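Asker:
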Amino acid sequence: MDKKWWQKEVIYQIYPKSFKDTNGDGIGDLNGIREKLPYLHDLGITMIWICPMFPTPMADNGYDIADYRGVEPLFGTMADIDALIAEAKALDIKIILDLVVNHSSDEHPWFKEAIANPTSKYRDYYIFKKPVDGQPPNNWRSIFGGSVWEIAEGEQLGEYYFHTFHKKQPDLNWENPAVRQEVADLVNFWFERGVEGFRIDAIVFIKKDFSLTFAPDGPDGLADVNLGGANMPGMIEFLAELKERTFAAYDKVSIAEAAGVPYEKLDEYIGRERGVFDMMFDFKTTEFDLQTEGIWTSYYDWDVKDYKAMMYNSQVEVGKHGWATTFISNHDQPRAASKYLRANARNPYAVKALATTYFFVKGTPFVYQGQELGMVNFKWDDIYKYDDISTIDQYERALLLEVDEDNAIELVNRRSRDNTRTPMPWDDSENAGFTTGTPWLPLTETYDEINVKAQEGVGDSVFSYYKEMIALRQHSDYSDTLIYGDFEPLPSSDDVFVYKRVAESNTIIVIANWSEEIQVETIPELGDIADIAAGKVVLSNYAEAEGALAVAGNQVTLRPFEAAVIAL
Ligand code: NOJ
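Residue 7 in this note's numbering sits at position 5 of the sequence shown, and the numbers go up by one each step.
#1: Give the single residue among Phe200, Gly147, Glu404, Asp4 whose Cα lies nearest to the Cα of Gly273.
#2: Assuming Gln396 contacts Trp298 under a Cβ cut-off of 8 Å, what Cβ separation, rounded to an integer in Å, is found between them?
#3: Please return the same chain residues whose Cβ sits closer than 8 Å to the Cβ of Leu244, not counting the five positions on each side in sequence.
#4: Between Phe21 and the ligand NOJ, is there a pair consisting of the residue's CB and a ligand heavy atom that are separated by less than 7 Å?
#5: For the candidate residues Leu292, Tyr271, Gln293, Glu37, whose alpha-carbon lies nearest to that of Phe283?
#6: Determine whether the beta carbon atoms of Asp108 and Ala180 lie at a separation below 8 Å.
#7: Based on Cα-Cα distance, which residue from Arg337, Leu268, Pro491 lies nearest to Arg417?
#8: Which residues in the same chain have their Cβ closer than 7 Å to the Cβ of Ser392, if we skip the five residues on either side of it in sequence?
#9: For the ligand NOJ, I want to know if Tyr65 counts as a neighbour, meaning its beta carbon is within less than 7 Å of at least one of the ligand's heavy atoms.
#10: Could you pull the DSSP bridge partners for Asn332 from this structure?
#11: Which residues does DSSP list as the beta-bridge partners of Phe499?
#12: Evaluate the contact criterion for the region 92-102 versus the region 422-433: three or more CB pairs, one atom per stretch, below 8 Å.
#13: Looking at C-beta atoms only, is the number of pairs between the region 20-29 and the region 163-171 that lie closer than 8 Å three or more?
#14: For Val134, is the classification buried or exposed, using 16 other Cβ atoms within 10 angstroms of its Cβ as the cut-off for buried?
#15: Straight-line CA distance for Leu174 to Ala565?
#16: On a Cα-Cα basis, can you pick out the residue from Pro18, Glu11, Lys6, Trp8 that is closest to Phe436?
#17: Going by alpha carbons, who is nearest to Tyr480 out of Arg503, Ile238, His110, Gln9?
#18: Considering Cα atoms alone, identify which of Glu519, Ala545, Tyr127 is closest to Pro562.
#19: Take Val512 and list the residues in its own chain whose beta-carbon comes closer than 6 Å to its own, dropping the five residues that flank it on each side.
#20: List the DSSP bridge partners of Ile568.
#21: Going by Cα to Cα distance, which pick from Gly321, Ile83, Ile385 is closest to Phe489?
#22: Within the same chain, show all residues whose beta-carbon is closer than 8 Å to that of Phe128, passing over the 5 residues directly before and after it, in chain order.
#23: Nearest-angstrom Cα distance between Val369 and Gln137?
#24: Is the number of C-beta pairs between the region 29-36 and the region 66-86 that are closer than 8 Å three or more?
#25: Below 8 Å on the Cβ atoms is my guess for Tyr65 versus Val102; work out the distance and round it to an integer in Å.
#26: Just to confirm the assignment, what range does the beta strand (DSSP E) spanning Ile435 have?
#27: Run through DSSP, which three-state label would His105 get?
#28: Does the distance between the C-beta of Asp226 and the nearest non-hydrogen atom of the ligand NOJ fall short of 7 Å?
#29: Relative to the alpha-carbon of Trp8, which residue among Asp44, Gly26, Ile50 has its alpha-carbon at the smallest distance?
#30: Return the first residue and the last residue of the beta strand (DSSP E) that Gly199 is part of.
#31: With a cut-off of 8 Å on the beta carbons, I'd call Leu76 and Ile29 a contact; round off their distance for me.
#32: Which class does Phe130 belong to by DSSP, given the choice of helix, strand or coil?
#33: Return the first residue and the last residue of the beta strand (DSSP E) that Ala552 is part of.
#34: Hey, could you find the ends of the beta strand (DSSP E) Asp488 is sitting in?
#35: Take Glu194 as the anchor and find which of Asp390, Ala242, Thr248, Glu152 has the nearest alpha-carbon.
#36: Name the DSSP bridge partner or partners of Thr366?
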């Protein structure tokens, strides 16, 4: 495969509302990102993905856009984003934005005009349908709960509009060529301003098949919108057209949020020849703890080997077709340490073992803000503390399923999207150095211990370990193998990950023990590595003073949560 510039990036995801506030309003802003560029540069990341920072009524924290070519005043100005792009560039850091074009806000002028003036061309920018027997046109359930159909305030024709997500997020009508042109134009608008690509939101929902009908699948009498509204035939053609008009024309990167794609179809999405995106997120590796996709009441007691099987399978299957993303968290997930390590979330060896495991598989790695500190979930006992619409919906769904209130809170605590949306802890002062005002969302209680100040420049901190991992991937004799080398899983005990990365220049073995037990692994590839002291272990999560990795012949004895990268 030809090497592509975006394969060697390390991408840091910023949720702007929660990163750094510079004007004391309790809400993060673009100037806060500017202020922290040296921090990110020091960490070693090469690209920043900024979650939506466009004008928005914030029904879904910016994933409801009211103007695709502006900056939300709470976040700053166009001059601020221009300065951010330029200052990042001076540090060799690229900026990508979030493309949210399955839907707009209901406060977007297009939607307002579609309602106020139903004969205007903007009516056809959205999906309107007449009631059927006085009822909504079908029984599909929106992602955030309730029907996908809504009658807008001021609606003159008595028609419903369609929303896959919240009612304040009406879906754009991609069947309309004028909408598709608007999208291409706004993408190119940002490319012309120096943006290097987009993460593309909820893109699998842009095509619907309204001829399909489904039986209700829950006590609300509704059926999942995914059944008739996601990954539908014809969607790829729209995206191929978009790619040609924008990303391909400018050589910019496209990273799709594309859930529910069967592996055998990956060719159409990210295939080397005909894929419409450069990369996509495979959520099978993050939703593995739920039995029913997206439903937080459906946890099961998974084992490390279950996750390992899914993660390896994802690597192998995605690798057959194209290039992967590797990630363990984002703004829709709980904190990685809490989710993957459970009772060991606060054990720094475990946090580093988790980091080693995901960071060195094949693909472009993503680090979500605070992950580099080993941040953990909060413990909130009252639903009124939460901001996220999805959390509130999941809580209500749990009550409908007759889960009692305490249990319902516990369930949402584990998975709430707010877990990753609490303010970034910069230090242990009153508001964690995030704001001089009142933070828009409470801090995670552990901020007095888990914060940047406590870890920056501290040799054995989680932050320092992320720095080392990034430097090893980006700037070492092993970079070529760690970026482009093939991935091959190797046999190991249930709680241990052993895989190799193979390139012409060298072979790398990555080992991580995800248990408190000592584990002995036989790794034939090691041969007789008697000269282990001679620099073959190129990364370890145990300090030198604690002793080197125990290797005898091809047998490795791993201490609790020990992880290492070995260059053969
Ligand atoms: C996926 C985004 O990641 C999520 O935060 C948002 O709520 C939905 N798409 C709707 O835009």
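Note that beta-carbon positions come from the ideal geometry of N, C-alpha and C, so glycine has one too. Only a predicted model underlies this, so the values are computations on that prediction, with no experimental measurement involved.
Answerer: On the basis of the supplied data:
#1: Selected option, being the one with the closest Cα: Asp4.
#2: 5 Å
#3: Arg182, Val185, Ala186, Val189, Val278
#4: For Phe21, the shortest separation between its Cβ and any heavy atom of the ligand NOJ does not lie below 7 Å.
#5: Minimum Cα-Cα distance from Phe283 among the listed residues Leu292, Tyr271, Gln293, Glu37 corresponds to Tyr271.
#6: no
#7: Arg337
#8: Phe146, Arg419
#9: Tyr65 has its Cβ nearer than 7 Å to a heavy atom of the ligand NOJ.
#10: Looking at the DSSP assignment, Asn332 forms no beta bridge with any residue, so it has no partner.
#11: In the DSSP output, where bridge partners are listed per residue, Phe499 has Ala514.
#12: no
#13: no
#14: Exposed, since its Cβ has fewer than 16 Cβ neighbours within 10 Å.
#15: 47 Å
#16: Pro18
#17: Arg503
#18: Glu519
#19: In chain order, Phe362, Tyr501, Val567 place their CB closer than 6 Å to the CB of Val512, counting only its own chain and leaving out the 5 sequence neighbours on each side.
#20: Ile511, Val539
#21: Gly321
#22: According to the sequence provided, residue 128 is Tyr. The question's Phe does not apply to it. Excluding positions up to five away in sequence, the list reads Trp112, Phe113, Ala116, Tyr163, Phe164, Pro172, Asp173, Leu174, Asn175.
#23: 45 Å
#24: Yes, the region 29-36 is in contact with the region 66-86.
#25: 5 Å
#26: As written in the sequence, residue 435 is Gly, which differs from the Ile given in the question. No beta strand (DSSP E) contains Gly435, which DSSP labels as neither H nor E.
#27: strand
#28: no
#29: Ile50
#30: 199-202
#31: 5 Å
#32: strand
#33: 552-554
#34: Start and end: 488-491.
#35: Thr248
#36: According to the DSSP secondary-structure assignment, Thr366 is paired through a beta bridge with Thr327.
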